[in-house]
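Below: the structure, in structure tokens.
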Ligand code: GAP
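In my numbering, the protein residues as written are 8 to 466.
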């Protein structure tokens, strides 16, 4: 099934029904812009993270991992430019008080508002075009002036009822922790330049209109690498990194027809060059899943200046501030891309339809389902022994409810690559049936060979 035939609403309700994603605080009516990953979702998310970590940290000899604290000195966000520059221009409808994002509304009518424009310049454009923009809630064009709305989420540390409590910002982008630890990584690991540091971390943005399910949320995770290079090696490394990141999505099981590149015309304040990898989401169309940014020496320079700490790299006596090439992937968006890509409805020869998630095996939340043909006559016990044998190596589930055919379909729906059925013959000849998800082919395998059989299948 092509993505153009899939409907995002169906995928969203399927994700809830099967325990992948739940709205946050649902019993209180749900909190906009936040989602919880359910029992199957947390496994899929973990598998995507593991796949990312393996390819980007373990498989490269010059990349190091990091996990920095969410709370940072508030001066970090001043120095990085986020308290001043990390904002969207917003206006309010005077008739119904709904808010609009002015740059996006202008874009819709073909008027470009550059990120670098001042509030005054944006307002000039806005007032020239106001009558062409309609409030989505009440249809009015009676708007206030645009004001910069900062996206950073503010919090407090310590006793916030007292004057001594310290205001802190939650990370607007996870990568700042990497710049703050640049010197620590250099002093402890003694890397040669170029080298990279990777991290998976949470980011928070006060998005004015969270939308499109996991696509635009207020709390999300980013998997980032920051590659530190000599300024003159920057261009070549940037092209190589772009190619590697494209290939990573293909290796993840995303089809090339659903991916495309897009270069930024309007650069965010820290970037010299920026390319996005976009995915063709069902119903929503192509949109960004990852940004690849040339951040020059911007970040280390501003933090050196604000902290007073020397952040030069000493390469055999040659001292310089490295340039930074960043890859920043939104895990929620990639999770949604993987789920959308795998989602399929297959017409079978007998005319029936089977719902199936065609995950790449290593991404599947459950790897093997163990099914006794019947609960009685010792079959359940035999199946449980197989569960115990495999459970330490894979995420395995045991299921004995309903007919075996229905249980196969249930496993197809959640993308389980293999089902093992223990039947009456198993008791006699110590073999089981292994059924494969995509082909639905079945073969008999000796119980004593099962561990080795799956080791080969999952390698
Ligand atoms: N450190 C660079 C940075 O944060 P970005 O392009 O703003 O760059 C990187 O974000 C990625 O984070 C995006 O490609 C997207 O996948 C994800 N992302 C950004 N804002 C998001 C949001 N509100 N909800 C979900 N994911 C988001």
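Even glycine gets a Cβ: it sits at the ideal position worked out from N, Cα and C.
Small disclaimer: the values here were computed from a predicted structure and weren't measured.
Can you give the beta carbon distance from residue 6 to residue 422, rounded, assuming they're within the 8 Å contact cut? In the structure as shown, the chain begins at 8 and stops at 466. Residue 6 is therefore absent and cannot be evaluated.
Cβ neighbour criterion (16 or more within 10 Å) applied to residue 8: In the chain shown, residue 8 corresponds to position 1, counting from 1. Classification of residue 8: exposed, given that the 10 Å Cβ count is below 16.
Are residue 217 and residue 39 closer than 9 Å when you measure CB to CB? Start at 1 with the first residue of the chain shown, and residue 217 comes out as number 210. Start at 1 with the first residue of the chain shown, and residue 39 comes out as number 32. Result yes, Cβ atoms of residue 217 and residue 39 sit closer than 9 Å.
Going by beta-carbon coordinates alone, are residue 255 and residue 268 separated by less than 9 Å? Mapped onto the chain shown, residue 255 falls at position 248. Mapped onto the chain shown, residue 268 falls at position 261. Against a cut-off of 9 Å, the Cβ pair of residue 268 and residue 255 comes out as no contact.
Residue 97 Cβ short of 8 Å to the ligand GAP heavy atom set: Numbered from 1 along the chain shown, position 90 holds the residue referred to as residue 97. The answer is no for residue 97.
Can you tell me whether residue 56 is helix, strand or coil according to DSSP? Locating residue 56 in the chain shown gives position 49, where the first residue counts as 1. Note: residue 56 maps to helix in three-state DSSP.
Along the chain, where does the beta strand (DSSP E) containing residue 299 start, and where does it finish? Taking the first residue of the chain shown as 1, we reach residue 299 at position 292. From DSSP, the beta strand (DSSP E) with residue 299 extends over 292-303.
Give me the Cβ distance between residue 453 and residue 440, rounded to the nearest whole Å; I'm assuming they're in contact under 8 Å. Numbered from its first residue, the chain shown carries residue 453 at position 446. Numbered from its first residue, the chain shown carries residue 440 at position 433. Incorrect: roughly 12 Å between the Cβ atoms, too far for contact.
Quick check on residue 309: does DSSP put it in helix, strand or coil? Here residue 309 is taken as the residue at index 302 of the chain shown, counted from 1. Three-state result, residue 309: helix.
On the three-state DSSP scale, how would you describe residue 71? Start at 1 with the first residue of the chain shown, and residue 71 comes out as number 64. Residue 71 falls in the strand class under three-state DSSP.
How would you write the range of the beta strand (DSSP E) that residue 269 sits in, first residue to last? Numbered from 1 along the chain shown, position 262 holds the residue referred to as residue 269. First-last of the beta strand (DSSP E) with residue 269: 266-270.
Residue 100 and residue 147 closer than 9 Å at C-beta: Numbered from 1 along the chain shown, position 93 holds the residue referred to as residue 100. Numbered from 1 along the chain shown, position 140 holds the residue referred to as residue 147. Their beta carbons are under 9 Å apart, which means residue 100 touches residue 147 by this criterion.
For the region 205-219 against the region 305-315, do three or more pairs of beta-carbon atoms, one drawn from each stretch, fall closer than 8 Å, so that the two count as touching? no
Can you give the Cα-Cα distance for residue 322 and residue 329, rounded to whole angstroms? On the chain shown, residue 322 is found 315 positions in, with the first residue counted as 1. On the chain shown, residue 329 is found 322 positions in, with the first residue counted as 1. Residue 322 and residue 329: Cα-Cα distance of roughly 10 Å.
Quick check on the DSSP output: what are the complete beta strand (DSSP E) runs of length 3 or more inside the region 124-192, in order along the chain? 154-157, 161-164, 173-176
Less than 8 Å between the CB atoms is what I'm expecting for residue 420 and residue 363, so what's the real figure, rounded? Here residue 420 is taken as the residue at index 413 of the chain shown, counted from 1. Here residue 363 is taken as the residue at index 356 of the chain shown, counted from 1. So it is a contact: roughly 7 Å between Cβ atoms.
Consult DSSP for residue 360 and reduce its assignment to one of helix, strand or coil. Sequence index remark: in the chain shown, residue 360 carries index 353 (1-based). Three-state result, residue 360: strand.
Quick check: the region 225-238 against the region 200-212, are there 3 or more CB pairs under 8 Å? yes
Just how far apart, CA to CA, sit residue 252 and residue 386? Position 245 of the chain shown, counted from the start, is the residue given in the question as residue 252. Position 379 of the chain shown, counted from the start, is the residue given in the question as residue 386. Looking at the two C-alpha atoms, the distance is approximately 48 Å.
heavy atom of the ligand ATP below 8 Å from residue 224 C-beta: The ligand ATP is absent from the structure shown, which contains only the ligand GAP.
Can you have a look at residue 429 and say buried or exposed, based on whether 16 or more other CB atoms are within 10 angstroms of its CB? For the purposes of this step, residue 429 is taken as residue 422 along the chain shown, with counting starting at 1. Answer is buried; the Cβ neighbour count reaches 16.
Taking all protein chains shown into account, decide if residue 458 is buried (16 or more other Cβ within 10 angstroms of its Cβ) or exposed. Locating residue 458 in the chain shown gives position 451, where the first residue counts as 1. Flag for residue 458 reads exposed.
Looking only at its chain, what residues have a beta carbon closer than 6 Å to the beta carbon of residue 271, apart from the 5 residues adjacent to it on each side? As a first step, residue 271 must be located in the chain shown, where it is residue number 264. Cβ within range, chain order: 281.
When we look at the beta-carbon of residue 34 and count the other beta-carbons within 10 Å, is it buried (16 or more) or exposed? As a working mapping, residue 34 is identified with position 27 in the chain shown. Classification of residue 34: exposed, given that the 10 Å Cβ count is below 16.
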